[in-house]
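Colleague: Below is one structure. I have some questions about it.
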Amino acid sequence: MLKPTLIALLAFALVNQAIAEPATAEFKTEAAALAKRFAQTLKPQLQQALAEGGPVAAIEVCSHKAPEIARQLSAESGWQVKRVSLKPRNPAAEPEAWQRQVLLSFDTRAAAGEDPQTLSHVAQTESQLRFMKAQGVAPLCLTCHGSQLAPEVKTALDKHYPNDSVRGYQSGQIRGAISIVAPRLSAQN
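Note that the sequence shown covers residues -20 to -1, 1 to 169 in mature numbering (1 follows the signal peptide of the UniProt record, and there is no 0).
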């Protein structure tokens, strides 16, 4: 016969798991919407910069506006929103160890034929809920991330990113991801 303490612990564990799963599912939905909002805010600004000033103007937008959008969404949501990459142009986009593993997984999955647009990851730790949405390389991205760069693009990239190694991508590869991290409420108590 089970002792009352053991029964109570087992019941607590089952209830805790039942609560955690919906919380993770809800987080994934909200985080995916936030990642989509990030992309939908940045993309028109990049397109406008390209139309009005060409790739050099788009580099300015990527360099300054993308981190600004991430800061704004972080402030609004209370979560950490940032772009990460295995080959970051901006040192602030350097991935943590767990993000690096997810990015490597995205690379493997994309190389095996999965559509980069469908790749995402959600996990929870004792203290965090974590979400990542892959950013695939679209044909437009090759203007600044491909192997055939115009001389003025190379000059602008060298100016903004002296140690740049983010060239030579091909369409369909994984450029990076939008990472969203939220504290777990149970960890705050």
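The C-beta atom is built at its ideal place from N, Cα and C for all residues, glycine as well. Please read these numbers as outputs of a predicted model, since none were measured by experiment.
Just the Cα atoms here: how many angstroms apart are residue 11 and residue 107?
Modeller: Translated into the one-based positions of the sequence shown, residue 11 becomes position 31. Translated into the one-based positions of the sequence shown, residue 107 becomes position 127. Between the alpha carbons of residue 11 and residue 107 lies a gap of roughly 17 Å.
Colleague: Can you tell me the Cα-Cα spacing of residue 101 and residue 113, whole angstroms?
Modeller: Indexing the sequence shown from 1 puts residue 101 at position 121. Indexing the sequence shown from 1 puts residue 113 at position 133. Their backbone Cα atoms lie some 7 Å apart in a straight line.
Colleague: Take residue 9 as the anchor and find which of 32, 62, 109, 54 has the nearest alpha-carbon.
Modeller: Taking the first residue of the sequence shown as 1, we reach residue 9 at position 29. Ranking the options by Cα distance to residue 9, first place goes to 109.
Colleague: Closest by CA to residue 65, which one among 86, 56, 48, 58?
Modeller: Here residue 65 refers to the residue found at position 85 of the sequence shown. Of the listed residues, the one whose Cα sits closest to residue 65 is 86.
Colleague: By Cβ distance below 8 Å, which residues in the same chain neighbour residue 58 in space, the five residues on each side in sequence not counted?
Modeller: In the sequence shown, the residue the question calls residue 58 occupies position 78. These residues qualify, in order along the chain: 162.
Colleague: Residues bridged to residue 125 by DSSP?
Modeller: Taking the first residue of the sequence shown as position 1, residue 125 is located at position 145. None, per the DSSP bridge assignment.
Colleague: Would you mind giving the Cβ-Cβ distance between residue 126 and residue 141, rounded to the nearest angstrom? I have them listed as a contact below 8 Å.
Modeller: Counting from 1 along the sequence shown, the entry for residue 126 is found at position 146. Counting from 1 along the sequence shown, the entry for residue 141 is found at position 161. Here residue 126 is actually not in contact with residue 141; their C-beta atoms are around 15 Å apart, not less than 8 Å.
Colleague: What residue range does the beta strand (DSSP E) around residue 114 cover?
Modeller: For the purposes of this step, residue 114 is identified with residue 134 of the sequence shown, where counting begins at 1. 108 to 116 is the extent of the beta strand (DSSP E) around residue 114.
Colleague: Let me check one thing: in DSSP terms, what residues is residue 63 bridge-paired to?
Modeller: Here residue 63 corresponds to residue number 83 of the sequence shown, with the count starting at 1. Beta-bridge pairing links residue 63 to 158.
Colleague: To which residues of the same chain is residue 43 closer than 6 Å at the C-beta, ignoring the five residues directly before and after it?
Modeller: Numbered from its first residue, the sequence shown carries residue 43 at position 63. Correct list, in chain order: 140.
Colleague: By DSSP's criteria, residue 102 is part of a beta bridge. Which residues make up the other side?
Modeller: Taking the sequence shown and counting its residues from 1, one reaches residue 102 at position 122. Its beta-bridge partners are 111.
Colleague: For the ligand HEM, is there any heavy atom lying closer than 7 Å to the beta carbon of residue 85?
Modeller: In terms of ligand content, the structure shown is empty, and the ligand HEM therefore cannot be addressed.
Colleague: Quick one: what's residue 131 bridged to in DSSP?
Modeller: Walking along the sequence shown from the start, residue 131 turns up at place 151. For residue 131, which the question treats as bridged, DSSP gives no partner whatsoever.
Colleague: Could you give the DSSP three-state label for residue 165: helix, strand or coil?
Modeller: Counting from one through the sequence shown, the residue named residue 165 turns up at place 185. Residue 165 falls in the helix class under three-state DSSP.
Colleague: Apart from the five residues on each side of it in sequence, which residues of its chain come closer than 8 Å, Cβ to Cβ, to residue 1?
Modeller: What you label residue 1 is simply residue 21 of the sequence shown in a count that begins at 1. Interpretation of residue 1 is limited by its pLDDT of 48, a score under 50 that renders its predicted location unreliable; the figure taken from the coordinates is listed afterwards. If we look at residue 1 and ignore the five residues flanking it on each side, it has no Cβ neighbours.
Colleague: In angstroms, rounded to a whole number, what distance separates the CA positions of residue 153 and residue 118?
Modeller: As a position in the sequence shown, residue 153 is number 173, starting the count at 1. As a position in the sequence shown, residue 118 is number 138, starting the count at 1. So the alpha carbons of these two residues sit roughly 8 Å apart.
Colleague: Report all residues from its chain with a CB closer than 7 Å to the CB of residue 54; omit the five preceding and five following residues, and keep chain order.
Modeller: Translated into positions along the sequence shown, residue 54 becomes position 74. Hits under 7 Å: 60, 61.
Colleague: Under 8 Å between the Cβ atoms of residue 124 and residue 38?
Modeller: Numbered from its first residue, the sequence shown carries residue 124 at position 144. Numbered from its first residue, the sequence shown carries residue 38 at position 58. Yes, Cβ-Cβ distance for residue 124 and residue 38 is below 8 Å.
Colleague: Pick out the complete alpha helix (DSSP H) segments inside the region 30 to 81, 4 residues or longer, and give them in chain order.
Modeller: 46 to 57
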